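Novice: Have a look at the structure that comes next, please.
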Amino acid sequence: MSDDDLVPVRLQAYEDEADLDIGDNGTVQNHDELVNSGQTYTEVRALTRASAVRHDLMVVEPGDSLWDDRLADLDVGDAWRAEELRGDD
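Note that the working numbering has the sequence shown beginning at 15, numbered continuously upward.
Written as structure tokens, this is what we have:
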């Protein structure tokens, strides 16, 4: 595997309507408040292996609870909500 290979990574994402308070350094200042109010969700997104390692992100591997066969053939920009992968809709 090369650093340019795409891998599925687990991310915490914000709902479109979430009221983000972005600080001067670019971080979300009210993250805990948004989590507690249900304005976040778990997402699996395709990133390069190098990006996943650089940002210390969790790569979703076969056997993980979020694994789905759709993750085996990734394209740039692919993203799934965890509930889509688990069939929790």
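We treat Cβ as the ideally placed atom computed from N, Cα and C, and that holds for glycine.
As the structure is a computational prediction, the values presented were derived from the model and not from experiment.
Would you decide whether ASP103 is buried or exposed? Buried here means 16 or more other CB atoms lie within 10 Å of its CB.
Specialist: Low local confidence applies: a pLDDT of 46 at ASP103 is under 50, so the model's placement there is unreliable, with the coordinate-based value given in what follows. It counts as exposed.
Novice: Name the DSSP beta bridge partners of VAL49, please?
Specialist: Beta-bridge pairing links VAL49 to no other residue.
Novice: According to DSSP, is ALA27 helix, strand or coil?
Specialist: strand
Novice: According to DSSP, simplified to helix, strand and coil, what is ASP103?
Specialist: Here ASP103 scores only 46 on pLDDT, less than 50, and its place in the model is too uncertain to base an answer on.
Novice: Output needed for ASP19: all residues of its chain with C-beta closer than 8 Å, excluding positions within five of it in sequence on either side, in chain order.
Specialist: THR62, ARG63
Novice: Closer than 6 Å by C-beta to ASP92: which residues in its own chain qualify, once you throw out the five before and the five after it? Chain order, please.
Specialist: Counting only Cβ-Cβ distances below 6 Å, and skipping sequence neighbours, we find ALA60.
Novice: Ordered along the chain, which non-local residues of its own chain (more than five positions away) have a Cβ less than 7 Å from that of GLN26?
Specialist: THR54, THR56
Novice: Start and end of the beta strand (DSSP E) containing ARG95?
Specialist: Taken as a continuous stretch (DSSP letters only), the beta strand (DSSP E) holding ARG95 covers 93-95.
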